[in-house]
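Trainee: The numbering of the sequence shown is the UniProt record's numbering, which starts it at 1 and goes up by one. Quick one: structure below, then a few questions.
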Amino acid sequence: MTSETTAKNLKQVAINDIGTAEDFLAAVEKTLKFFNDGDLIEGTVVKIDRDEVLLDVGYKTEGVIPSRELSIKHDVDPSEVVNVGDSVEALVLQKEDKEGRLILSKKRAQYERAWGDVEKIKDTDGVVTGSVIEVVKGGLIVDIGLRGFLPASLIELRRVRDLTPYLGQEIEAKILELDKNRNNVVLSRRALLEQTQSES
């Protein structure tokens, strides 16, 4: 038996094991996951670029998280938010963009999860904890899984003029207002301080 005949036999066996090209494609399709817009899915970070992160989500292509969809903080470096190999939960924004890519959002997945948590805390008159990520006109933005606004008049028992020392600090606050439709969360640290003061 020549080596050419052996190669031909091996090739034939391999093709016969799989069946027709249609059988092969059908087998591949069975292993793929299918998603719809709005689904929450898990994936593993396989690549980090300056403007996007690629996730292996068991789909025919990798899922793409644009950098603006990584975090509630503005202008973040993707490598500061995730590492290759990290398991990440993301929300499907678009099943296929014009390039056929699965577009995802880590930020919105966190947002969906955080709303449920924040609503429960508000219902029980509980306390949220988060770090101050921005100083804005009239107050602070606090990362509580979503962007909470803490007005300057509600930071301390007395009004604070300079808000910059709070940047990066971890603070506790009560939830004053919640409006999911307007994406509005208003916090009060003063309400918590007053409550603590009256209890002591």
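Here a beta-carbon is modelled for each residue, glycine too, at the ideal position from N, C-alpha and C. Everything numeric in this text was worked out from a predicted model, so none of it was measured.
Check for me: the beta strand (DSSP E) holding Ser105 runs from which residue to which?
Mentor: As a first step, residue 105 is located in the sequence shown; it is residue number 105 there, counting from the start. Looking at the DSSP string, the run of the beta strand (DSSP E) that includes Ser105 is 102 to 105.
Trainee: Of the residues Thr61, Leu187, Asp56, Leu167, which one's Cα is nearest the Cα of Glu99?
Mentor: For the purposes of this step, residue 99 is identified with residue 99 of the sequence shown, where counting begins at 1. Among Thr61, Leu187, Asp56, Leu167, the Cα nearest to that of Glu99 belongs to Thr61.
Trainee: Just the Cα atoms here: how many angstroms apart are Ala109 and Leu157?
Mentor: On the sequence shown, position 109 is the one that residue 109 refers to. On the sequence shown, position 157 is the one that residue 157 refers to. Each residue's Cα considered, the two are about 35 Å apart.
Trainee: Can you grab the Cα-Cα spacing for the pair Val46 / Ser105, in whole Å?
Mentor: As a working mapping, residue 46 is identified with position 46 in the sequence shown. As a working mapping, residue 105 is identified with position 105 in the sequence shown. Whole-angstrom Cα-Cα distance: 16 Å.
Trainee: Terminal residues of the continuous alpha helix (DSSP H) containing Leu192?
Mentor: Walking along the sequence shown from the start, residue 192 turns up at place 192. Here the alpha helix (DSSP H) through Leu192 covers 189 to 199.
Trainee: Comparing C-alpha positions only, which one of Asn83, Ser131, Ala90, Asp51 sits nearest to Gly38?
Mentor: Counted from its first residue, the sequence shown places residue 38 at position 38. Taking only the C-alpha atoms, the option nearest Gly38 is Ala90.
Trainee: Grouping DSSP H, G and I as helix and E and B as strand, with all else coil, what is Val128?
Mentor: Taking the first residue of the sequence shown as 1, we reach residue 128 at position 128. Strand, per DSSP.
Trainee: Which two residues bound the contiguous alpha helix (DSSP H) that contains Ser79?
Mentor: To locate residue 79, count along the sequence shown from 1; it is residue 79. Element bounds for Ser79: 78 to 81.
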